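Be aware that the sequence shown starts at 0, since it is given in numbering that gives the first Met the number 0, and climbs by one per residue. Data first, discussion second: the structure below is written as structure tokens.
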Amino acid sequence: MDKETDWKTFFDNHPKPARFEENVQRMQALCHQSTISKSRVALITSGGTTVPLEHNTVRFIDNFSAGTRGSASAEYFLEAGYHVIFLSRSKSLQPYTRHLSGKNFLDLLNISDDGSDLYVKEKEKESTLLLVEKYLKYKERFEMIPFTSLSDYLWLLRAAAQEMHILGPLGLMYLAAAVSDFYIPSTQMPDHKIQSSSGPLSLSLQLVPKMLGLLVSLWSPNAFIVSFKLETNENILEVKARDALIKYQHHVVIGNLLNTRKLHVVLFDPINPTAEDILLSEEELAVGVEIESKIIANLKVRHDLYFANHKTG
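Right under this line is the structure:
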């Protein structure tokens with residue numbers, strides 16, 4: 000079967016996620032408004048996908064992604080002037096509120112002496128107000144679309160790409176989600192909770208059809224598309240990244256190693272034989288610079304050039 004047939008079979012066998020039409024309408028509205036204003040749109044995918052083991056899901060396979068890179072990157076894309084569709088795992092880190100992650104919300108608050116008023120503690124007030132101001136500044140060009148399972152994600156990613164088709168080179172896809180490579184076909188899942196009384200569990204997982212090729216060739220062929228390659232072995236990172244560029248014909252692969260991904264990434268593209276390193280210095284790290292700010296600044300320059308060439312090409 001060809002790739003498009005593989006995907007038709009997948010979608011035929013997996014139902015649409017809850018509130019699918021509503022979420023598609025929200026993405027459609029943002030893309031339509033952006034075509035009027037000639038604004039750029041970044042689709043950011045973030046967090047991990049679950050792979051259910053039952054239709055009435057109790058057990059599932061998950062991964063470690065908390066959405067750190069995606070949520071940080073969304074903030075920097077907004078600050079760079081982009082409209083943002085943030086396709087993210089439900090309950091993963093979100094732009095702006097991520098800065099409060101790990102804090103007990105009640106610890107940020109205090110009560111007046113007479114018990115009549117509730118307010119943010121003085122030492123937290125300035126940073127919290129800054130977060131609120133940024134959110135309010137950008138919220139009109141920001142849509143957050145949640146997913147949980149692998150099939151939810153794939154339904155929504157395809158829909159987002161199809162809606163972004165009207166943007167042409169104004170669209171950018173930043174595919175930072177940690178997507179499962181394996182799944183259990185819907186037709187092979189039991190309806191109810193798998194019982195431990197049945198003994199040891201043996202699973203047969205199928206490979207998820209690769210979607211990147213259809214994003215590039217069919218669903219949003221003129222968008223600027225960025226994918227990620229995470230490895231634990233430095234010796235294979237460049238080979239895997241460049242193989243992906245050849246296979247899928249997209250624009251940038253951001254390579255990173257598991258243990259250093261917050262300090263060092265490598266950008267590969269199909270034109271330059273030499274990769275481009277982005278690193279955080281000790282001084283930058285000490286003052287709270289995030290590597291995502293440098294990644295997005297780099298990608299904006301690349302997108303500028305892509306857009307200019309597309310207009311004149």
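Beta carbons are placed, not taken as given, at the ideal position from N, Cα and C, and that holds for glycine. Just so you know, these numbers come straight off a predicted model, no measurement behind them.
- Around the beta-carbon of Arg97, 16 or more other beta-carbon atoms lie within 10 Å, marking it buried.
- Its Cα nearest to that of Gly170, the residue Ile43 stands out among Gln24, Ile43, Ala17, Arg18.
- A Cβ-Cβ contact shorter than 8 Å links Glu237 with Gly254.
- Following the DSSP letters along the chain, one finds Glu282 in no beta strand (DSSP E) but inside the alpha helix (DSSP H) bounded by residues 281-285.
- In this structure, the CA atom of His249 is about 6 Å from the CA atom of Val215.
- When the alpha-carbon of Asn308 is set against those of Val251, Val264, Phe223, Val252, the nearest one is in Phe223.
- The continuous stretches of beta strand (DSSP E) do not include Ile245, which lies in the alpha helix (DSSP H) extending over residues 233-247.
- Rounded to whole angstroms, the gap between the alpha carbons of Asp11 and Pro269 is 34 Å.
- In the DSSP annotation of this structure, Asn12 is not part of any alpha helix (DSSP H), being labelled neither H nor E.
- By the neighbour-count criterion, in which a residue is buried when 16 or more other Cβ atoms sit within 10 angstroms of its Cβ, Leu202 is exposed.
- Phe63 sits in coil when the DSSP states are folded into three classes, being neither helix nor strand.
- When DSSP states are grouped into helix, strand and coil, Tyr305 belongs to the helix group.
- For Asn255, the enclosing beta strand (DSSP E) starts and ends at 251-256.
- With a threshold of 16 other beta carbon atoms within 10 Å, Asn22 meets it and is buried.
- Our two residues, Ser196 and His13, have alpha carbons roughly 28 Å apart in a direct line.
- Shortest Cα-Cα distance from Ala79 to any of Arg39, Val288, Tyr95 involves Arg39.
- Rounded to whole angstroms, the Cβ separation of Val207 and Tyr173 is 20 Å, and the two are not in contact under 8 Å.
- The beta carbon of Gly287 sits closer than 7 Å to no other beta carbon from its chain once the five residues preceding and following it are set aside.
- Taking Leu257 as the centre and dropping the five residues before and after it, the same chain places the C-beta of Leu229, Glu230, Thr231 closer than 8 Å to its C-beta, in chain order.
- For Asp151, the enclosing alpha helix (DSSP H) stretches over residues 149-163.
- The residue among Val265, Glu281, Ser179 with its C-alpha nearest the C-alpha of Ser64 is Ser179.
- Per DSSP, the beta-bridge partners of Gly47 are Ala177.
- Secondary structure note for Ser36: it is in no beta strand (DSSP E), and the uninterrupted alpha helix (DSSP H) holding it is 19-36.
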